[in-house]
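**Student:** Please see the structure below; I have some questions.
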Amino acid sequence: MRQWPLCLNTSTIRPAGLLEKIDIATRTGYSAIELWTEDLTRFEQSGRSLAELRRILEDSGLAVASVITLSDWMQSQGFHKEAAYREARRRLEQAAAVGAAHIVASPVPDAPHLDIALAAARYRELLEEGEAFGVRPAMEFLGFQHNVFQLEQALAIVRQADHPHGCLVLDPFHLYRGGSGFGGIRDLSSKAIAVCHFNDAPASPPRFEQTDADRVHPGDGILPLNSFLGDLEATGYGGFLSLELFNPQYWTRDLEEVARTGREKTEAVIRAAGETGLDSRIAPS
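Quick note on numbering: the numbering used here labels position 69 of the sequence shown as 74, and the sequence is numbered without any gaps.
Take a look at the structure:
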């Protein structure tokens, strides 16, 4: 089994301050970090520069897998579209300043109708904006939303955008919650995956009632993570596995211990997936 470099999405330890998040990721053995634009904006508003933050990250030995998120870009019109893309350019500039290769492009939460052709055209515009900054927007699907909630929809948007930098965010929780299932992973190209978020989901509440807050550490839920990783490996993907949790129960605990436990549990799932794969390749005697 491939040994993917591990990343900490800072939503996992959300109550910590930005510099504390960086310290925790470093102390608990992650190779990279995913940062949120809200934290970057607060850092700038405090009078400090993102160039300084980038030096801190480099001194910590952390790569920046992505910045999260771009929003309100997908279906806005007129003045609202101009405002959305102006804000997108600001966030792309932030991502470039901290050395991120990607920025997550999230679907609009309150738009029930999905016009895939329009979304693809808008996504292509985002990708073209990203070229000026050297940052690639990655299309995200969110299983609990009403528009782009399945892998197949996100992939259709990426393909119809027809841009060489088109890519998406893979996430087992959203595959489960949105009803995509796990059968489509092997059909992906490794180049189509910008980053792979990693997490698990519990047996309760029911699947289609779960929210971000229900996510649990890898291996503590019911998702088929062994086969997920086997299929991910089959695509040739060699990027980051990024622990992304939003569990408020974890936020009340020692945040360094939450991050360390997440890394250890992720490594245990990877080992188990490797052993399962090895067993499946042994011919019966």
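We put the beta carbon where it would ideally sit given N, CA and C, even for glycine.
Can you tell me which of the three DSSP states residue 195 falls into?
**Tutor:** The residue given as residue 195 occupies position 190 in the sequence shown. If DSSP states are grouped into helix, strand and coil, residue 195 belongs with the helices.
**Student:** The alpha helix (DSSP H) spanning residue 214 covers which residue range?
**Tutor:** Within the sequence shown, residue 214 is the residue found at index 209, counting from 1. Note, residue 214: premise wrong, no alpha helix (DSSP H); not H, not E.
**Student:** Does DSSP put residue 14 in a helix, a strand or coil?
**Tutor:** If you number the sequence shown from 1, residue 14 lands on position 9. Strand at residue 14.
**Student:** So does the segment 68-78 actually touch the segment 22-35, counting three or more Cβ pairs closer than 8 Å?
**Tutor:** No, they do not touch.
**Student:** Look at the alpha carbon of residue 149 and the alpha carbon of residue 218, and state the distance between them as a whole number of angstroms.
**Tutor:** Looking up residue 149 in the sequence shown gives position 144. Looking up residue 218 in the sequence shown gives position 213. Cα-Cα distance, rounded: 12 Å.
**Student:** I'd like the span of the alpha helix (DSSP H) that includes residue 109, first residue to last.
**Tutor:** Looking up residue 109 in the sequence shown gives position 104. Where residue 109 is concerned, there is no enclosing alpha helix (DSSP H), although the beta strand (DSSP E) it sits in stretches over 107-110.
**Student:** My guess is that residue 186 and residue 180 are in contact by the Cβ rule of under 8 Å, so how many angstroms apart are they, rounded?
**Tutor:** As a first step, residue 186 must be located in the sequence shown, where it is residue number 181. As a first step, residue 180 must be located in the sequence shown, where it is residue number 175. Contact flag correct, Cβ pair sits at about 7 Å.
**Student:** Between 118, 143, 129, 136, which lies nearest to residue 107 when the distance is taken from Cα to Cα?
**Tutor:** For this step, residue 107 is matched to residue 102 along the sequence shown. Residue 107 has its Cα closest to that of 143, out of 118, 143, 129, 136.
**Student:** For residue 173, name the three-state secondary structure that DSSP assigns.
**Tutor:** In the sequence shown, counting from the first residue as 1, residue 173 sits at position 168. Residue 173 falls in the strand class under three-state DSSP.
**Student:** Take residue 154 and list the residues in its own chain whose beta-carbon comes closer than 7 Å to its own, dropping the five residues that flank it on each side.
**Tutor:** Translated into positions along the sequence shown, residue 154 becomes position 149. 146, 147, 148, 183, listed in sequence order.
**Student:** Let me confirm a value: residue 20 is counted as buried when at least 16 other C-beta atoms fall within 10 Å, else exposed. Which label applies?
**Tutor:** Counting from 1 along the sequence shown, the entry for residue 20 is found at position 15. Exposed is the call here.
**Student:** Can you tell me whether DSSP reads residue 202 as helix, strand or coil?
**Tutor:** Within the sequence shown, numbered from 1, the residue matching residue 202 stands at position 197. In the structure shown, residue 202 sits in a strand (DSSP, three-state: E or B).
**Student:** Could you tell me the distance, in whole angstroms, from the CA atom of residue 285 to the CA atom of residue 8?
**Tutor:** Taking the first residue of the sequence shown as position 1, residue 285 is located at position 280. Taking the first residue of the sequence shown as position 1, residue 8 is located at position 3. Its pLDDT being 35, under 50, residue 285 is placed unreliably in this model, and the value from its coordinates should be taken loosely. The alpha-carbon atoms of residue 285 and residue 8 are separated by roughly 19 Å.
**Student:** From residue 84 to residue 263, what distance separates their C-alpha atoms?
**Tutor:** On the sequence shown, position 79 is the one that residue 84 refers to. On the sequence shown, position 258 is the one that residue 263 refers to. If you take the alpha carbons of residue 84 and residue 263, they lie about 43 Å apart.
**Student:** Within its chain, find whatever has a CB closer than 8 Å to the CB of residue 121; leave out the 5 residues flanking it on each side and keep chain order.
**Tutor:** In the sequence shown, the residue the question calls residue 121 occupies position 116. Within the same chain, residue 121 has close Cβ partners 158, 161, 162, 165.
**Student:** Below 8 Å on the Cβ atoms is my contact criterion, and I expect residue 206 with residue 227 to pass it. Report the Cβ-Cβ distance as a whole number of Å.
**Tutor:** Numbered from its first residue, the sequence shown carries residue 206 at position 201. Numbered from its first residue, the sequence shown carries residue 227 at position 222. Confirmed, about 6 Å.
**Student:** Measure from the alpha carbon of residue 199 to the alpha carbon of each residue in 245, 177, 249, 17, then state which is nearest.
**Tutor:** In the sequence shown, the residue the question calls residue 199 occupies position 194. Nearest option by C-alpha distance: 245.
**Student:** Just grab the DSSP bridge partners of residue 6 for me.
**Tutor:** One-based indexing of the sequence shown puts residue 6 at position 1. Residue 6 pairs with nothing; no bridge assigned.
**Student:** Output needed for residue 213: all residues of its chain with C-beta closer than 6 Å, excluding positions within five of it in sequence on either side, in chain order.
**Tutor:** Taking the sequence shown and counting its residues from 1, the one referred to as residue 213 is at position 208. Nothing meets the Cβ criterion.
**Student:** Just checking, does the segment 93-104 make contact with the segment 230-240 on the three C-beta pairs under 8 Å criterion?
**Tutor:** Verdict: no, contact absent.
**Student:** So who's on the other strand from residue 227, going by DSSP bridges?
**Tutor:** Residue mapping note: residue 227 aligns to position 222 of the sequence shown, counting from 1. Answer is none; residue 227 lacks a bridge partner.
**Student:** Cα separation between residue 129 and residue 152?
**Tutor:** Numbered from 1 along the sequence shown, position 124 holds the residue referred to as residue 129. Numbered from 1 along the sequence shown, position 147 holds the residue referred to as residue 152. Distance between the alpha carbons of residue 129 and residue 152 is about 18 Å.
**Student:** Which whole-angstrom value is the C-beta distance of residue 191 and residue 240, which I expect to be below 8 Å?
**Tutor:** Here residue 191 corresponds to residue number 186 of the sequence shown, with the count starting at 1. Here residue 240 corresponds to residue number 235 of the sequence shown, with the count starting at 1. Sure, about 7 Å apart at Cβ, within 8 Å.
**Student:** Which runs of the beta strand (DSSP E) fall wholly inside the segment 17-73 and span at least 3 residues, in chain order?
**Tutor:** Listed in chain order, they are 37-41.
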